[in-house]
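Residue numbers (the numbering used here), protein chains in the order written: chain H, 1 to 112; chain D, 1 to 114.
Where a beta carbon is used, it is the ideal one built from N, C-alpha and C, also for glycine.
What follows is a set of notes on a single structure, which appears directly below.
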């Protein structure tokens with residue numbers, strides 16, 4: 001089946017630092033999505049990417065859809081304590097009927 | 001904005017009993033909903049795709065007779081965990097598709113089987 005490798009698994013940073021995480025796939029996706037999940041809650045969409053090479057920002061968050069369509073990264077600039085949570089990438093095929101394959105997640109801890 | 005409501009948010013049941021979880025799209029119609037399971041410190045794993053008016057499509061390794069899915073209306077899908085056992089304890093999350101590409105997630109249901 002489809003494999004999504006997400007790294008790093010966890011990060012411990014100081015408030016104000018920038019963060020970068022990425023996902024790689026064994027095959028091509030048509031859409032890359034980045035979600036944040038707080039404890040005990042469902043994932044919340046942060047950024048959606050629909051075209052190879054696309055670079056999209058949402059406030060302090062920036063994500064890119066890799067040219068090969070097999071990878072994506074998410075950057076968070078000037079981190080703040082409320083950025084704490086688990087970040088997931090997810091890939092989607094057009095023909096999969098919106099079925100998502102999720103990465104393993106990156107646990108982010110921000111120290112004030 | 002679009003909201004997906006999942007109920008209950010937490011449930012504790014005894015081993016051998018059945019539990020029903022509801023997933024509702026509150027302000028849009030969803031012909032397709034998805035059910036995920038998430039174990040602690042792990043990712044979301046798709047269990048099944050729920051299609052309104054037809055049978056659900058289960059992922060490999062998911063027992064359809066144990067995890068019954070009913071999508072009887074355009075705004076409601078239910079997941080029933082039958083004869084639950086402690087190993088079924090997990091966080092169950094639904095998502096509903098709005099239009100062609102938008103997906104909205106519920107807030108999950110924490111199931112604990114004692």
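- Residue environment for residue 64 (chain D): exposed (fewer than 16 other C-beta atoms within 10 angstroms of its C-beta).
- The Cβ atoms of residue 77 (chain D) and residue 33 (chain D) lie closer than 8 Å to each other.
- At the C-beta level, residue 101 (chain D) and residue 74 (chain D) stay beyond 8 Å of one another.
- Contacts with chain H at 8 Å (Cβ-Cβ) include residue 110 (chain D).
- By the neighbour-count definition (other C-beta atoms within 10 Å, threshold 16), residue 55 (chain H) is an exposed residue.
- Residue 75 (chain H) has its alpha-carbon roughly 13 Å from the corresponding atom of residue 16 (chain H).
- Only buried fits residue 36 (chain H), as 16 or more other CB atoms lie within 10 angstroms of its CB.
- For the C-beta of residue 98 (chain H), the chain D residues within less than 9 Å are, from N- to C-terminus, 32, 34, 49, 95, 97, 100, 101, 102 and 103.
- In this structure, residue 106 (chain H) lies away from residue 14 (chain H), with their beta-carbon atoms at least 8 Å apart.
- Apart from sequence neighbours up to five positions away, the residues of its chain that approach residue 67 (chain D) with a beta-carbon distance below 8 Å are 35, 47, 48, 58, 79, 80, 81 and 82, ordered along the chain.
- With respect to the C-alpha of residue 114 (chain D), the residue from D:94, D:90 and D:69 having the closest C-alpha is D:90.
- Annotation: the continuous beta strand (DSSP E) that includes residue 36 (chain H) extends over 31-37.
- Among the CB atoms of chain H, none fall inside 8 Å of the CB of residue 70 (chain D).
- Scanning the segment 13-65 of chain D for uninterrupted beta strand (DSSP E) segments of 3 residues or longer gives 19-25, 32-38 and 45-51, listed from N- to C-terminal end.
- Against residue 43 (chain D), the close residues of chain H are 88, 102, 103, 104 and 105, in the order they occur along the chain (beta-carbon pairs closer than 7 Å).
- Interface flag for residue 40 (chain H) against chain D is set, since a Cβ pair is found closer than 8 Å.
- The residue among H:62, H:51 and H:25 with its C-alpha nearest the C-alpha of residue 104 (chain H) is H:25.
- The contact set of residue 74 (chain D) on chain H, defined by CB atoms closer than 8 Å, is empty, because the minimum CB distance reaches about 16 Å.
- Of all residues in the segment 52-63 of chain D, only 60 place a beta-carbon less than 8 Å from a beta-carbon of chain H.
- Sorting D:52, D:108, D:109 and D:69 by C-alpha distance to the C-alpha of residue 29 (chain D) places D:52 at the top.
- For residue 81 (chain H), the closest Cβ of chain D is not nearer than 8 Å.
- Around the beta carbon of residue 26 (chain D), a 10 Å sphere encloses fewer than 16 other beta carbons of the protein chains shown; the residue is thus reported as exposed.
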